[in-house]
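*Asks:* Using our numbering, the first residue of the sequence shown is number 109, and each one after it goes up by one.
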Amino acid sequence: MDIQAVVARRYALAFLRVFIDQLTPHDIACCRNIVEFLENNALALLVLKVPSIQTEVKEKLLNDLFEQCSVRATWSLLVALLIKDRRLFLLVRVLNYIQEFYAQWSGIEECTIFSAQQLEDSQLRMIGAFVERKTGKKVIYTTIIDPV
Numbered sequence: 109m110d111i112q113a114v115v116a117r118r119y120a121l122a123f124l125r126v127f128i129d130q131l132t133p134h135d136i137a138c139c140r141n142i143v144e145f146l147e148n149n150a151l152a153l154l155v156l157k158v159p160s161i162q163t164e165v166k167e168k169l170l171n172d173l174f175e176q177c178s179v180r181a182t183w184s185l186l187v188a189l190l191i192k193d194r195r196l197f198l199l200v201r202v203l204n205y206i207q208e209f210y211a212q213w214s215g216i217e218e219c220t221i222f223s224a225q226q227l228e229d230s231q232l233r234m235i236g237a238f239v240e241r242k243t244g245k246k247v248i249y250t251t252i253i254d255p256v
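#1: Determine the contact status of L156 and F197, defining contact as a CB-CB distance below 8 Å.
#2: Determine the DSSP secondary structure at K246, reduced to helix, strand or coil.
#3: To the nearest angstrom, how far is it from the Cα of A116 to the Cα of V202?
#4: Throw me the rounded Cβ distance for the W213 and I128 pair, which I believe falls under 8 Å.
#5: Between which two residues does the beta strand (DSSP E) carrying I216 extend?
#6: Where do the N-terminal and C-terminal ends of the alpha helix (DSSP H) with N149 fall, by residue?
#7: Identify, in the order they occur along the chain, each residue of the same chain with its Cβ nearer than 7 Å to the Cβ of E240, setting aside the five sequence neighbours on each side.
#8: Out of F209, L151 and I221, which has the shortest C-alpha to C-alpha gap to R140?
#9: Can you check DSSP and say which residues form a bridge with I252?
Here it is as structure tokens:
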């Protein structure tokens with residue numbers, strides 16, 4: 109594991125130790141959406157990494173992004189800490205570790221359901237219930253239609 113991964117894990121663990129009781133599955137889903145946005149929008153990620161862009165601009169951009177997802181202000185504390193410590197470039201890794209640790213600590217299992225055609229909600233619920241019984245964990249699933 110590289111040094112950046114170790115540091116990102118430590119930030120994620122520290123954040124969760126303080127705020128785990130305040131986080132909801134909605135917060136974590138929004139966290140996942142923000143990570144996807146940053147990973148899929150190279151320009152947004154570049155803005156965070158360019159040192160000549162003022163930190164206030166970066167902080168406002170990220171706080172607006174979290175606010176758009178309707179999540180609590182606790183995330184702005186994480187952003188402020190990463191900015192203060194000059195570790196904002198670790199944000200995506202930290203958010204990924206937060207998602208991973210939250211799922212482990214909350215007994216949540218993520219899975220993807222692949223099907224050749226659109227499944228009805230009742231079928232998805234039945235598959236989800238089956239996986240929950242087999243794993244003993246709460247299941248959050250996504251679906252992918254793969255017509256082959």
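We put the CB at the ideal spot given by N, CA and C, even for glycine.
From a predicted model like this one, the values you see are computed outputs, not experimental measurements.
*Replies:* According to the structure data:
#1: In the sequence shown, the residue the question calls residue 156 occupies position 48. In the sequence shown, the residue the question calls residue 197 occupies position 89. A contact, by the Cβ cut-off of 8 Å.
#2: The residue labelled residue 246 in the question sits at position 138 within the sequence shown. Strand at K246.
#3: Position 8 of the sequence shown, counted from the start, is the residue given in the question as residue 116. Position 94 of the sequence shown, counted from the start, is the residue given in the question as residue 202. If I take the Cα positions, the gap works out to 5 Å.
#4: Residue mapping note: residue 213 aligns to position 105 of the sequence shown, counting from 1. Residue mapping note: residue 128 aligns to position 20 of the sequence shown, counting from 1. About 7 Å separates the two Cβ atoms, so the contact holds.
#5: Taking the sequence shown and counting its residues from 1, one reaches residue 216 at position 108. Unbroken beta strand (DSSP E) run through I216: I216 to S223.
#6: Walking along the sequence shown from the start, residue 149 turns up at place 41. Segment: none, N149 is in no alpha helix (DSSP H) and carries neither H nor E.
#7: Taking the first residue of the sequence shown as 1, we reach residue 240 at position 132. So the qualifying residues of the chain are K246 and V247.
#8: Within the sequence shown, numbered from 1, the residue matching residue 140 stands at position 32. Cα-wise, what sits closest to R140 is F209.
#9: Stepping through the sequence shown from its first residue, residue 252 is reached at position 144. According to DSSP, I252 bridges with F222.
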